[in-house]
Amino acid sequence: MKMKLHRTAAARNAFAFGLTFLVGSAFLLGSTFLVTTRVLDHEANAVLAAEMEGLLEDYRLGGSAAIASSLALRMDGWGRSGALYLLADRGFRRIAGNLARWPFDGRPVDRWPGFSVTASENGGERPHPVRALVRELPDGNLVLVATDLQERRVLARRFGAAMAWSVVLVTGLAAIAGIALSRMVAERVAGVASACDSILAGDQSQRLPVLGTRDEFDSLAGAVNGVLARLQERTLLLRTTLDSIAHDLRAPLHRLRVRLEDLAAQPDQHGQAAGALERSLRDVDVLHRTLSTLLEIARAESGEGRAEFGVVDLTALARDVVDLFEPVARDQGASLTVAGGDPIRVRGDRQLLAQLLSNLVENALRHGSRRGRIEVSASERDGRVELGVRDDGPGIAQCDRERAMQPFVRLSTAAAGTGSGLGLSLVAAVARLHGATIELGDNQPGLRVAVLFAPAGVEAGSRPAGAPALDTADA
Amino acid sequence: MHILLIEDDTDAGAFLAKGLREAGFSVEHVTDGREALFRVTEGRYDAIVTDRMLPHLDGLEILKFLRQRGSSTPVLVMSALGSVDERVRGLREGGDDYLVKPFAFSEFMARVEALLRRSHVQDFRSVLRVRDLEMDLLRRRVTRAGRDIELTRREFDLLEYLMRHPGQVATRSMLLEAVWDLHFDPQTNLIDVHISRLRQAVDRNFDRPLIRTVRGSGYTICDEDEAA
Numbered sequence: 000m001k002m003k004l005h006r007t008a009a010a011r012n013a014f015a016f017g018l019t020f021l022v023g024s025a026f027l028l029g030s031t032f033l034v035t036t037r038v039l040d041h042e043a044n045a046v047l048a049a050e051m052e053g054l055l056e057d058y059r060l061g062g063s064a065a066i067a068s069s070l071a072l073r074m075d076g077w078g079r080s081g082a083l084y085l086l087a088d089r090g091f092r093r094i095a096g097n098l099a100r101w102p103f104d105g106r107p108v109d110r111w112p113g114f115s116v117t118a119s120e121n122g123g124e125r126p127h128p129v130r131a132l133v134r135e136l137p138d139g140n141l142v143l144v145a146t147d148l149q150e151r152r153v154l155a156r157r158f159g160a161a162m163a164w165s166v167v168l169v170t171g172l173a174a175i176a177g178i179a180l181s182r183m184v185a186e187r188v189a190g191v192a193s194a195c196d197s198i199l200a201g202d203q204s205q206r207l208p209v210l211g212t213r214d215e216f217d218s219l220a221g222a223v224n225g226v227l228a229r230l231q232e233r234t235l236l237l238r239t240t241l242d243s244i245a246h247d248l249r250a251p252l253h254r255l256r257v258r259l260e261d262l263a264a265q266p267d268q269h270g271q272a273a274g275a276l277e278r279s280l281r282d283v284d285v286l287h288r289t290l291s292t293l294l295e296i297a298r299a300e301s302g303e304g305r306a307e308f309g310v311v312d313l314t315a316l317a318r319d320v321v322d323l324f325e326p327v328a329r330d331q332g333a334s335l336t337v338a339g340g341d342p343i344r345v346r347g348d349r350q351l352l353a354q355l356l357s358n359l360v361e362n363a364l365r366h367g368s369r370r371g372r373i374e375v376s377a378s379e380r381d382g383r384v385e386l387g388v389r390d391d392g393p394g395i396a397q398c399d400r401e402r403a404m405q406p407f408v409r410l411s412t413a414a415a416g417t418g419s420g421l422g423l424s425l426v427a428a429v430a431r432l433h434g435a436t437i438e439l440g441d442n443q444p445g446l447r448v449a450v451l452f453a454p455a456g457v458e459a460g461s462r463p464a465g466a467p468a469l470d471t472a473d474a
Numbered sequence: 000m001h002i003l004l005i006e007d008d009t010d011a012g013a014f015l016a017k018g019l020r021e022a023g024f025s026v027e028h029v030t031d032g033r034e035a036l037f038r039v040t041e042g043r044y045d046a047i048v049t050d051r052m053l054p055h056l057d058g059l060e061i062l063k064f065l066r067q068r069g070s071s072t073p074v075l076v077m078s079a080l081g082s083v084d085e086r087v088r089g090l091r092e093g094g095d096d097y098l099v100k101p102f103a104f105s106e107f108m109a110r111v112e113a114l115l116r117r118s119h120v121q122d123f124r125s126v127l128r129v130r131d132l133e134m135d136l137l138r139r140r141v142t143r144a145g146r147d148i149e150l151t152r153r154e155f156d157l158l159e160y161l162m163r164h165p166g167q168v169a170t171r172s173m174l175l176e177a178v179w180d181l182h183f184d185p186q187t188n189l190i191d192v193h194i195s196r197l198r199q200a201v202d203r204n205f206d207r208p209l210i211r212t213v214r215g216s217g218y219t220i221c222d223e224d225e226a227a
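Same order as they appear, the protein sequences are chains G and U. If you number the first sequence the way numbering that gives the first Met the number 0 does, the last residue is 474 and the count never jumps. If you number the second sequence the way numbering that gives the first Met the number 0 does, the last residue is 227 and the count never jumps.
Pasting the structure below:
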């Protein structure tokens, strides 16, 4: 049994697994990224604040002139460190610093106003974002300290990219792990399923695979195998019991029949004795038939015989059974016909299915209306095969339908004294052996019996026709 | 005709042996599996009838042993094990027929006779004849005294079986097996009704009926010798 990967629980779990990893790692790395960029921002601000503090200290010592000379020093010492300075008068005109002119329109409102400068970089000119801090000096001049944010931005971008790749990588790995895991799980489950299939098909010696990995699957398989071994033992016991019953009852029945026949063959018979012998022989045959039916029911219920299943064409079988019963039906004035013509194949035992169908037809002939119409049909719809027998007799009341399937039950509508009361039980047992269910319904009027085969029991139409379930005895 | 009967049930075995002898066969009756194996190795028999559950071994073992030695002596397996798959096993191991106990002696006799008369040569005849009844197998046409007889497919099959075995008794279950390939016993006398229809077609307009009922056994079609 091959399952589609995306339908397995394992694959769904793997998907959920991957999704959880995606969300989790995105959240984790995203927040790390945010925190990191904020730290970088804070660091920039702290640098600006410290620079400003130094310049204000200079001012306190020597006024704007001290600042101007300090700026010259700083610009020299720091070189291209990305630090920008400007000392401007109240008209925003440059007094000192490495900025050519006042970058804002008047006094900036923000505490950390931003602007951009054009910097030469790798031989080209590029605008760099800059963050500034502006203070007004007591003499009315303005001092501006700014720092180039470009490097931090680049750093943050690289960091962000690395984070995004990490998320992708983690999710990808989780998905791959998930798929591998689900493959493994699906494979093991498929192994179990195929073992179960062959067990259901009748191979009771089949066991679930144990790989020696000592995982949950192994312990599950071990436990199930224990149950299977027990079941096989039971079946064997049941089989030997049935064989013993068959032997222990049939052998004396055989001797009884032999003696009765021997007596009946003696020439010195009184008429009365001869009649009694004749009736006794008939009773032996009735006993034999009932016993055989019971044994057949028991054997079918035990699930044995599935190993011998072959391909049976239900349409051909319906035709065989119908033409066997047709003359009897005609003598009763009833019509017995087959509907449908295409071969419909199931896995099964032809003899048992023939017996099932014969019992249903016999029932219909016995309980259907006089001069009634009986129709046998084999049909297939949506992969489900139905073997049906319909009559137009009195039918079986809804409340009696379940009881009708039980052994030895004769419904009050049944003609008194006919039938063993085992017919439908055998039908039910044979159906169960074939994984089929029986449905008793209303044919309006009459009884509709449907034997519904599960799709698993239906044979795909690819096999060559005419392969009977059993070897036929050459006659 | 020499028959080996392997049956541990002395009562039943004695009855079968007596019946076979009355029918003119010479019978060796053994009750033990090992003894049976020995006889099978030493003796020459026209047919062997064996039970399945014997002391020391299954009758099928004897059958298997016989077939491994390349013997094609016809074997009838009798058994109290009557399920469908047991029957299949019996035939698979090389049995020629399988009879479930209890059975009527007439059924047993008819099957033994059928085994003894079974030809190992393929029957290639395309026309079967019993007195003035003629069956053309290729054209699926039946005539009696030159007159066409209309038969359904199953009536044709039934008649073919009878005509292939003229003078032999065919029991109801033998006909059911041969014509319908069904190995169970329907409760209704289905075969009787089929035969009566066949008779309508074959015998109605003629003075001498060909299909005869053998009381308590089954049916036969008369050949030349029995007609007298």
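The beta-carbon is built from N, C-alpha and C at its ideal position, and this holds for glycine as well.
- Beta-bridge pairing of Ile210 of chain U - partner residues as DSSP gives them: Taking the first residue of the second sequence as 1, we reach residue 210 of chain U at position 211. In the DSSP output, where bridge partners are listed per residue, Ile210 of chain U has U:Ile220.
- Would you check if the distance between the CB atom of Thr219 of chain U and the CB atom of Arg211 of chain U is smaller than 8 Å? Here residue 219 of chain U corresponds to residue number 220 of the second sequence, with the count starting at 1. Here residue 211 of chain U corresponds to residue number 212 of the second sequence, with the count starting at 1. It is a contact, given that the beta carbons lie within the stated cut-off.
- Query: Phe16 of chain G to Arg130 of chain G, Cα distance in whole Å?
  - Reply: In the first sequence, residue 16 of chain G corresponds to position 17, counting from 1. In the first sequence, residue 130 of chain G corresponds to position 131, counting from 1. Each residue's Cα considered, the two are about 43 Å apart.
- Can you tell me the Cα-Cα spacing of Met404 of chain G and Asp319 of chain G, whole angstroms? Against the first sequence, residue 404 of chain G aligns to sequence position 405. Against the first sequence, residue 319 of chain G aligns to sequence position 320. In a straight line, the C-alpha of Met404 of chain G is about 25 Å away from that of Asp319 of chain G.
- Task: For Arg128 of chain U, name the three-state secondary structure that DSSP assigns.
- Result: As a first step, residue 128 of chain U must be located in the second sequence, where it is residue number 129. Looking at Arg128 of chain U - three-state DSSP - the assignment turns out to be strand.
- Message: Could you compute how far the alpha carbon of Asp8 of chain U sits from the alpha carbon of Thr30 of chain U?
- Response: Numbered from 1 along the second sequence, position 9 holds the residue referred to as residue 8 of chain U. Numbered from 1 along the second sequence, position 31 holds the residue referred to as residue 30 of chain U. Cα atoms of Asp8 of chain U and Thr30 of chain U: separation of roughly 7 Å, rounded to the nearest angstrom.
- Message: Cutting at 7 Å between CB atoms, please list the residues of its own chain near Glu379 of chain G, excluding the five before and the five after it.
- Response: Position 380 of the first sequence, counted from the start, is the residue given in the question as residue 379 of chain G. Correct list, in chain order: Ile343.
- Item | Closer than 7 Å: Ala200 of chain G CB and nearest the ligand FAD heavy atom | The ligand FAD is not part of this structure, which contains no ligands at all.
- Query: Between Asp122 of chain U and the rest of its own chain, which residues show a CB-CB distance below 8 Å, the 5 nearest in sequence each way excluded?
  - Reply: Numbered from 1 along the second sequence, position 123 holds the residue referred to as residue 122 of chain U. Around Asp122 of chain U: Arg163.
- Query: Rounded C-beta distance between Ala16 of chain U and Val26 of chain U? I'm assuming under 8 Å.
  - Reply: As a position in the second sequence, residue 16 of chain U is number 17, starting the count at 1. As a position in the second sequence, residue 26 of chain U is number 27, starting the count at 1. About 5 Å; that satisfies the 8 Å criterion.
- Within its chain, find whatever has a CB closer than 6 Å to the CB of Leu21 of chain G; leave out the 5 residues flanking it on each side and keep chain order. On the first sequence, position 22 is the one that residue 21 of chain G refers to. Contacts found: Thr170.
- Item | Pairwise C-alpha distance: Leu259 of chain G and Leu280 of chain G | In the first sequence, counting from the first residue as 1, residue 280 of chain G sits at position 281. In the first sequence, counting from the first residue as 1, residue 259 of chain G sits at position 260. In this structure, the straight-line span from the alpha carbon of Leu280 of chain G to that of Leu259 of chain G is close to 7 Å.
- CB Arg298 of chain G to CB Ser82 of chain U, shorter than 8 Å? Numbered from 1 along the first sequence, position 299 holds the residue referred to as residue 298 of chain G. Numbered from 1 along the second sequence, position 83 holds the residue referred to as residue 82 of chain U. A distance below 8 Å separates the beta carbons of Arg298 of chain G and Ser82 of chain U.
- Could you confirm whether any beta carbon from chain U is found closer than 8 Å to the beta carbon of Val191 of chain G? The residue given as residue 191 of chain G occupies position 192 in the first sequence. Closer than 8 Å: no.
- Message: Run through the DSSP bridge pairs and tell me what Met77 of chain U is partnered with.
- Response: What you label residue 77 of chain U is simply residue 78 of the second sequence in a count that begins at 1. U:Asp50 and U:Leu98, per the DSSP bridge assignment.
- Task: Use the C-beta contact count for Gln443 of chain G: other C-beta atoms within 10 angstroms, 16 or more gives buried, fewer gives exposed.
- Result: Within the first sequence, the letter at position 444 stands for residue 443 of chain G. In this structure Gln443 of chain G is exposed. Its beta-carbon is surrounded by fewer than 16 other beta-carbon atoms within 10 angstroms.
- Query: Which whole runs of the beta strand (DSSP E) in the segment 113-153 of chain G are 3 residues long or more, in chain order?
  - Reply: 113-120, 123-135 and 141-147
- Identify which residue in G:Val388, G:Val426 and G:Gln350 has its Cα closest to the Cα of Gly493 of chain G. As displayed, chain G neither begins before 0 nor continues past 474, which places residue 493 of chain G out of reach and without an answer.
- Message: What does DSSP give as the partner residue(s) for Leu86 of chain G in the beta ladder?
- Response: Translated into the one-based positions of the first sequence, residue 86 of chain G becomes position 87. Its beta-bridge partners are G:Ala95 and G:Val142.
- Query: Interface residues of chain G around Asp202 of chain U at Cβ under 7 Å?
  - Reply: Residue 202 of chain U sits at position 203 when you count from the first residue of the second sequence. Those do not exist, as Asp202 of chain U stays about 16 Å from chain G at its closest Cβ, beyond 7 Å.
- Task: Quickly, what does DSSP pair Met134 of chain U with across the bridge? List them, please.
- Result: For the purposes of this step, residue 134 of chain U is taken as the residue at position 135 of the second sequence. In DSSP, Met134 of chain U forms a bridge with U:Leu127 and U:Val141.
- Euclidean distance between Cα positions of Gly78 of chain G and Phe158 of chain G: Start at 1 with the first residue of the first sequence, and residue 78 of chain G comes out as number 79. Start at 1 with the first residue of the first sequence, and residue 158 of chain G comes out as number 159. Its pLDDT being 49, under 50, Gly78 of chain G is placed unreliably in this model, and the coordinates cannot settle the point.
- Assuming Leu556 of chain G contacts Asn358 of chain G (C-beta within less than 8 Å), just tell me the rounded distance between them. Missing from the structure shown is residue 556 of chain G; chain G here goes from 0 to 474 and no further.
- Could you spell out where the alpha helix (DSSP H) holding Gly347 of chain G opens and where it closes? Along the first sequence, one-based indexing puts residue 347 of chain G at 348. Premise fails: Gly347 of chain G lies in the beta strand (DSSP E), Arg344 to Gly347, not in any alpha helix (DSSP H).
- Message: Short of 8 Å in beta carbon distance, which residues of its chain neighbour Ala48 of chain G, apart from the five on each side in sequence? Order them along the chain.
- Response: The residue given as residue 48 of chain G occupies position 49 in the first sequence. Excluding residues within five positions, the ones whose Cβ falls inside 8 Å are Leu132.
- Task: Report the rounded CA-to-CA distance for Ser197 of chain G versus Gly347 of chain G, giving the unit in angstroms.
- Result: One-based indexing of the first sequence puts residue 197 of chain G at position 198. One-based indexing of the first sequence puts residue 347 of chain G at position 348. Their Cα atoms are separated by approximately 14 Å.
- Task: Give the DSSP-derived three-state secondary structure of Gly309 of chain G in the structure shown.
- Result: By one-based count along the first sequence, residue 309 of chain G stands at place 310. The three-state secondary structure of Gly309 of chain G, taken from DSSP, is strand.
- Query: Do the segment 150-166 of chain G and the segment 21-32 of chain G touch if we need at least three Cβ pairs shorter than 8 Å?
  - Reply: Contact between the segment 150-166 of chain G and the segment 21-32 of chain G is present, because at least three Cβ pairs lie under 8 Å.
- Message: Helix, strand or coil for His433 of chain G? Go by DSSP, reduced to three states.
- Response: Mapped onto the first sequence, residue 433 of chain G falls at position 434. If DSSP states are grouped into helix, strand and coil, His433 of chain G belongs with coil.
- Along the alpha helix (DSSP H) that carries His193 of chain U, what are the first and last residues, could you check? Position 194 of the second sequence, counted from the start, is the residue given in the question as residue 193 of chain U. For His193 of chain U, the enclosing alpha helix (DSSP H) has its first and last residue at Leu189 to Asp202.
- Message: Restricting to Cα atoms, I'd like to know which of G:Leu199, G:Leu207, G:Arg349 and G:Ile178 is closest to Val191 of chain G.
- Response: Here residue 191 of chain G corresponds to residue number 192 of the first sequence, with the count starting at 1. Out of G:Leu199, G:Leu207, G:Arg349 and G:Ile178, G:Leu207 has the C-alpha closest to the C-alpha of Val191 of chain G.
- Query: Whose Cβ in chain U lies nearer than 8 Å to the Cβ of His246 of chain G?
  - Reply: In the first sequence, the residue the question calls residue 246 of chain G occupies position 247. Met52, Ala79 and Leu80, listed in chain order.
- Task: Count the other C-beta atoms from every protein chain shown that fall within 10 angstroms of the C-beta of Pro73 of chain U, then say buried if there are 16 or more, exposed otherwise.
- Result: As a working mapping, residue 73 of chain U is identified with position 74 in the second sequence. Burial is judged here by how many other beta carbons sit within 10 angstroms of a residue's own beta carbon; Pro73 of chain U has at least 16 and is buried.
- Message: Could you pull the DSSP bridge partners for Leu241 of chain G from this structure?
- Response: Within the first sequence, numbered from 1, the residue matching residue 241 of chain G stands at position 242. Per DSSP, none; premise fails for Leu241 of chain G.
- Item | Selection from G:Leu154, G:Leu148, G:Pro112 and G:Leu290 that minimises the alpha carbon distance to Phe407 of chain G | For the purposes of this step, residue 407 of chain G is taken as the residue at position 408 of the first sequence. Per the Cα distances, G:Leu290.
- Message: Going by beta-carbon coordinates alone, are Asp127 of chain U and Leu75 of chain U separated by less than 8 Å?
- Response: Translated into positions along the second sequence, residue 127 of chain U becomes position 128. Translated into positions along the second sequence, residue 75 of chain U becomes position 76. Note on identity: in this sequence residue 127 of chain U is Leu, with Asp being the wrong assignment. Taking 8 Å as the Cβ cut-off, Leu127 of chain U and Leu75 of chain U do not qualify as a contacting pair.
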